[in-house]
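Undergrad: First, the structure itself, so that you have it in front of you.
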Amino acid sequence: DAERLLLSGIPDSGSAGSLSVRLIATTGAAESASDLFTIAINSIEGKLVAGDASDDRLRGSDRADVIIGGGGTNILKGRGGDDWFPIIGGLDEVNTFNGGDGVDRIQGSGGDDLIQVIHFKGNNRVEIIDGGEGFDTLSGDENANTIDLRDTQLLGIERIQGLAGNDTIFGSAGEDQIRGNNGADRLQGGGADDRLFGGAGNDWLSGGAGDDLMRGGRDMDTLKGGGGSDDLSGGTGNDQLNGGGGDDLLTGDAGDDQISGNSGNDIVYGSGGADTIDGGSGRDKLYGGSGNDAIDGGRGRDTIYGGAGDDTIDGGEGNDSIYTGDGSDVVLFGRDYGHDRVVLGGGKEDELGRFVDRVIFGAGISADQLWFEAHNSDLDITIIGSEDKLSIVDWYANSAGKADAFVTAEGSVLAWHNVEQLVSAMARFAPPAMGETQLPEEMRSELEQALAVGWQ
């Protein structure tokens, strides 16, 4: 098989011009192939400063210098001019760069480079980092590092990473892959479509603008999307996810997570654990998953799936569709909620008393302000004088579709087996007109007995 070889070196001073290199490959059968390469060699305006394998402090001039660490842990200062810091393949070195004035450049070799930097921030920045060919990685060392690339142009850098320390990494304006690895890291993308991976430790990830992908990894992480359509996944641990603007995909994974879609039409999966989910504004799809979840649809027409576990579901403003799933679930409904449709699952009729589902009405809604009527196979409960309506889908068609109790904020309880008495009594009347928030006296008198028997 062919081997990959890296040839590197520094021409002697005064060797500007061109250099011809012929590469010849032979086989054991006396077969050969060759090719001729011509390399342009430009003269150095400033100084050539080269260290050795020890720890060096190297300084350029006010002109365009070439500064080479040569291995070890080095401090390289360019001062003035457009300086060039070549990375020689195969050398084990960690550098602190200070480009100084001018447009300075860190240049990788033709192979897979590991460019290790420390204290890359503020006045230590270099304007261009070019990894060259191969898979190139810009990395900190094992300590806590700050790598700030907001004012640096990256070319051919496939990965930016911290190592074991608590690192702070700011990405460039381009599309970056940033990995924190071990430690409690702070990773922030730039204006493009970035990929951020926290790794182990309690990490903080922020995508910035663009359509970003973020993975928290292990432990308790905080993930924040920006203005784009982001893909956030917390991983293990009790994580906090905020989608920001845009149509985001948010996944809590394992742990008791706090997830907010914020604005945009978001898709949220709580997955395992007891999650707290807030859809925010927009037309969201929210999935609680397993565990005892608290789900708030927020504003907009949302679709909410409670899943397994004992969930509390609040559709919020907008005409929402709610599917409770298995477990003893609570559905909240209040004023200005619009028309919510609820499909109940796992009620005690079909689970032999194992689950109990309830509907709880918000503050300021009394028992005599709720109007019950049958609509095909559904049960409709309207807050009188308003357009707010809660429909229990298939109440009359499916025993599992019955809520076990309706509860007001004042503590009045209407059991499921008393509902039909109210429906029959109210069927003799038209509901109060829009804006009438109390029952007319004549209607109240006629319904008083049914209300007293039904609501306890």
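Residue numbers (my numbering): 149 to 604. Heads up, the beta-carbon is just placed ideally off N, CA and C, and yes, glycines get one too.
#1: Classify A340 as helix, strand or coil using the three-state DSSP reduction.
#2: Go through its chain and collect everything with a Cβ distance to D261's Cβ below 8 Å, but skip five positions before and after it.
#3: The beta strand (DSSP E) spanning G165 covers which residue range?
#4: Could you work out which residue in A598, V479 and W603 is closest to S514 when comparing CA atoms only?
#5: Just to confirm the assignment: which complete beta strand (DSSP E) runs, minimum length 3, are found wholly within the region 255–310?
#6: Starting from the N-terminal side, write out each stretch of the beta strand (DSSP E) that is 3 residues or longer and does not extend beyond the region 175–260.
#7: Where does S168 land, buried or exposed, given buried means 16+ other C-beta within 10 angstroms?
#8: Is the beta carbon of I317 within less than 7 Å of some heavy atom of the ligand GTP?
#9: Once you ignore the five residues that flank I461 on each side, which residues in its own chain have a CB closer than 6 Å to its CB?
#10: Bridge partners for D526 per DSSP, in chain order?
#11: Using the beta-carbon count (16 or more within 10 Å), is N271 buried or exposed?
#12: Suppose only complete runs of 4+ residues qualify. What are the alpha helix (DSSP H) ranges in the region 506–584, listed by chain order?
#13: In three-state terms, what does DSSP make of A600?
#14: Quick check: what's the CA-CA separation for L587 versus M574?
#15: DSSP three-state call for R366: helix, strand or coil?
#16: So the candidates are A348, L302 and A581; which of them puts its Cα closest to the Cα of I254?
#17: Are the CB atoms of G448 and L434 within a distance shorter than 8 Å?
#18: If we count the other Cβ atoms within 10 Å of its Cβ and call it buried at 16 or more, is I187 buried or exposed?
#19: May I ask you to list the residues that DSSP assigns as paired with V491?
#20: Only counting runs of 3 or more residues, tell me where the beta strand (DSSP E) segments fall wholly within the region 379–430, in order along the chain.
#21: Which two residues bound the contiguous beta strand (DSSP E) that contains A616?
#22: Which residue wins for smallest C-alpha separation from G437, given the options G427, V416, G428 and S429?
#23: Does the separation of the CB atoms of D333 and D315 fall below 8 Å?
#24: Can you tell me which of the three DSSP states N350 falls into?
#25: Does DSSP classify L480 as helix, strand or coil?
#26: Look at the alpha carbon of Q597 and the alpha carbon of S354, and state the distance between them as a whole number of angstroms.
TA: Per the coordinate set shown:
#1: coil
#2: The residues I235, G237, G279, G280, G282, D284 and T285, in chain order, have a CB closer than 8 Å to that of D261 in the same chain once the five nearest residues on each side in sequence are set aside.
#3: G165 to T174
#4: W603
#5: Counting only runs of 3 or more, we get 262–265, 276–278, 285–287, 294–296, 301–303 and 307–309.
#6: 180–189, 196–198, 205–207, 214–216, 220–225, 232–234, 241–246 and 253–255
#7: exposed
#8: Among the ligands in the structure shown, none appear at all, so the ligand GTP cannot be discussed.
#9: I443, I452, G454, I470 and V479
#10: H523
#11: The residue in question, N271, is exposed, as its Cβ has fewer than 16 Cβ neighbours within 10 Å.
#12: 567–574
#13: helix
#14: 11 Å
#15: coil
#16: L302
#17: no
#18: By the Cβ neighbour-count rule, I187 is exposed, with fewer than 16 other Cβ atoms within 10 Å of its own.
#19: Y471
#20: 379–381, 388–390, 397–399, 406–408, 415–417 and 424–426
#21: This structure cannot speak to residue 616, because the chain is shown only from 149 to 604.
#22: Among G427, V416, G428 and S429, the Cα nearest to that of G437 belongs to V416.
#23: yes
#24: When DSSP states are grouped into helix, strand and coil, N350 belongs to the coil group.
#25: Taken through DSSP and simplified to helix, strand or coil, L480 comes out as strand.
#26: 59 Å
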